[in-house]
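Visitor: Residue numbers (the UniProt record's numbering): 1 to 265.
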């Protein structure tokens with residue numbers, strides 16, 4: 001299978017791309033910039049202007065831990081694998097005509113997406129129905145942004161998971177191919193289970209691409225609306241409740257007595 005990968009530039013994105021490159025012929029990787037200095041926490045954990053002292057402390061705790069756990073989990077993926085054709089994309093520019101033209105010229109058999117800005121009109125059309133997205137969250141229950149944060153905030157850890165789906169013009173509304181959930185352990189935190197979810201999702205993406213290649217892929221239309229969260233819904237003060245829940249042992253209790261959720265195969 002000739003594959004194009006659309007992803008970000010952080011360690012988790014490189015893990016995703018490098019893993020797929022071990023199994024498929026990757027024609028190009030369009031790597032959209034998310035952060036500038038991958039070797040520093042600067043700009044990652046600095047709180048937004050206007051946050052008070054308590055909120056700033058919570059912000060640094062949450063995003064500092066995210067940085068550290070990602071390095072711990074994906075530290076072998078500092079670079080994209082040698083020999084891959086990596087095209088760097090400025091932040092927010094993934095839908096520009098030049099990158100749309102790349103898809104049209106290369107005519108891949110499949111396109112795997114994880115961690116880019118939302119794909120729009122011409123980019124979706126250029127994919128000719130072969131764009132598969134890895135969404136961190138269980139659609140349709142949780143769609144949009146930070147969809148493995150909000151289940152924890154809402155005290156529903158059973159809804160932490162990943163959805164591999166076809167791309168359509170909506171926000172995480174495309175037909176579902178596969179879903180999965182991480183194995184939660186007592187010593188997990190919000191970021192370790194998030195990283196486990198990426199590993200689960202990458203395996204499901206591999207499976208979906210194999211099915212696309214073999215002509216056996218099946219997808220299932222989403223029939224429920226669920227909850228849609230956007231970036232504007234999140235503020236530093238939400239981290240206070242998350243920390244209280246985690247310090248209070250929410251994940252430990254869940255690990256000892258997990259709940260089941262109906263998933264798409």
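Every residue, glycine too, gets a C-beta built ideally from N, C-alpha and C.
So, for residue 15: in the same chain, excluding its five sequence neighbours on each side, which residues have a beta-carbon less than 6 Å away from its beta-carbon?
Guide: 74, 77
Visitor: Give the DSSP-derived three-state secondary structure of residue 246 in the structure shown.
Guide: helix
Visitor: When the Cα atoms are used, what is the spatial distance from residue 127 to residue 99?
Guide: 11 Å
Visitor: What does DSSP give as the partner residue(s) for residue 134 in the beta ladder?
Guide: 164
Visitor: Return helix, strand or coil for residue 230, following the three-state DSSP convention.
Guide: coil
Visitor: Is it the case that the Cβ atoms of residue 174 and residue 167 are separated by a distance below 8 Å?
Guide: yes
Visitor: Between the Cα of residue 219 and the Cα atoms of 136, 131, 148, 196, which residue gives the shortest distance?
Guide: 131
Visitor: Under the DSSP definition of a beta bridge, which residues are partnered with residue 28?
Guide: 4
Visitor: Please report the residue range of the alpha helix (DSSP H) in which residue 63 lies.
Guide: Residue 63 -> alpha helix (DSSP H) spans 53 to 74.
Visitor: Identify which residue in 190, 199, 242 has its Cα closest to the Cα of residue 68.
Guide: 190
Visitor: Spatial neighbours of residue 159 within its chain, please: C-beta separation below 7 Å, excluding the five flanking residues on both sides.
Guide: 138, 141, 142, 151, 261
Visitor: Closest to residue 196 by C-alpha separation, out of 209, 56, 180, would be which residue?
Guide: 180
Visitor: Considering just the uninterrupted stretch of the alpha helix (DSSP H) at residue 126, what are its terminal residues?
Guide: 121 to 126
Visitor: Could you tell me which residues DSSP pairs with residue 143 in its beta bridges?
Guide: 228
Visitor: Name, in chain order, the residues that DSSP records as bridge partners for residue 89.
Guide: 32
Visitor: Is the CB-CB distance between residue 135 and residue 264 below 8 Å?
Guide: no
Visitor: In chain order, what residues of the same chain have a beta carbon less than 7 Å from the beta carbon of residue 252, not counting five sequence neighbours either side?
Guide: 186
Visitor: Are residue 115 and residue 194 closer than 8 Å when you measure CB to CB?
Guide: no
Visitor: From what residue to what residue does the beta strand (DSSP E) around residue 112 run?
Guide: 110 to 114
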